[in-house]
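In the numbering used here, the protein residues as written are 4 to 127. Don't be surprised by glycine CBs; every beta carbon is placed ideally from N, CA and C.
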Amino acid sequence: MTTKRREYTREFKLEAISLVVDHNRKVAEVAESLGIGISTLDNWVRKYKKEQQGVRPTKGLALTDDQRRIQELEREVRQLKIEKDILNEEGLSEALLRPDARGELCSSGLQLCWHRTTSTSIVD
Numbered sequence: 004m005t006t007k008r009r010e011y012t013r014e015f016k017l018e019a020i021s022l023v024v025d026h027n028r029k030v031a032e033v034a035e036s037l038g039i040g041i042s043t044l045d046n047w048v049r050k051y052k053k054e055q056q057g058v059r060p061t062k063g064l065a066l067t068d069d070q071r072r073i074q075e076l077e078r079e080v081r082q083l084k085i086e087k088d089i090l091n092e093e094g095l096s097e098a099l100l101r102p103d104a105r106g107e108l109c110s111s112g113l114q115l116c117w118h119r120t121t122s123t124s125i126v127d
């Protein structure tokens with residue numbers, strides 16, 4: 004029989020960390036009072052202190068707001084790179100960036116296409 008690994012909310016972790024870091028309580032004392040493992044709390048505290056120093060977490064979600072924002076921005080950059088690569092593969096990026104470009108984008112299935120329009124007016 005396997006035991007299910009307990010999951011804790013970010014808020015719970017930060018409160019436990021605060022008891023150790025801000026209130027100078029011992030890890031063992033806080034862990035026992037909260038019913039969590041000493042090594043678990045010790046890992047949270049070490050991870051938090053590293054993040055406070057600007058070290059990016061190697062796995063999992065960050066604990067500090069700044070590091071969480073960095074993770075969010077990194078995900079956004081990865082997504083934008085994927086979208087840019089798709090446009091480049093379809094040859095659309097250059098067409099869209101030309102100042103005299105007139106037309107419309109459509110998606111048909113999994114393909115993107117660029118249709119030239121005969122109108123020279125720009126639609127708002």
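Ordered along the chain, which non-local residues of its own chain (more than five positions away) have a Cβ less than 7 Å from that of residue i?
i, result
"D127", "For D127, the predicted model reports a pLDDT of 46, less than 50, meaning its position is unreliable; a value from the coordinates is still stated below. For D127, where only same-chain residues beyond five positions count, there are no Cβ hits under 7 Å."
"P60", "K50, E54, Q70"
So the alpha helix (DSSP H) residue i belongs to, where does it begin and stop?
i, result
"V24", "13-24"
"K53", "41-55"
"N27", "Taken as a continuous stretch (DSSP letters only), N27 belongs to no alpha helix (DSSP H), as it is neither H nor E."
"L76", "68-92"
Could you give the C-beta distance for residue i and residue j, rounded to a whole number, given that I count them as a contact under 8 Å?
i, j, result
"E54", "Q70", "5 Å"
"L66", "R28", "That belief does not hold up - the Cβ atoms of L66 and R28 are roughly 18 Å apart, past 8 Å."
"V24", "V48", "7 Å"
"I39", "V30", "The pair is not a contact, with the Cβ atoms about 10 Å apart (cut-off 8 Å)."
Going by C-alpha distance, which of the options is nearest residue i?
i, options, result
"S21", "V33, E10, Y11", "V33"
"D45", "D88, V80, K16, R72", "K16"
"R9", "H26, E18, T43", "T43"
In chain order, what residues of the same chain have a beta carbon less than 6 Å from the beta carbon of residue i, not counting five sequence neighbours either side?
i, result
"Y51", "I20, L66"
"R36", "Checking the sequence shown, residue 36 turns out to be Ser, not Arg. Result list for S36: empty, nothing under 6 Å."
Within the same chain, show all residues whose beta-carbon is closer than 8 Å to that of residue i, passing over the 5 residues directly before and after it, in chain order.
i, result
"E75", "none"
"L64", "R13, R71, Q74"
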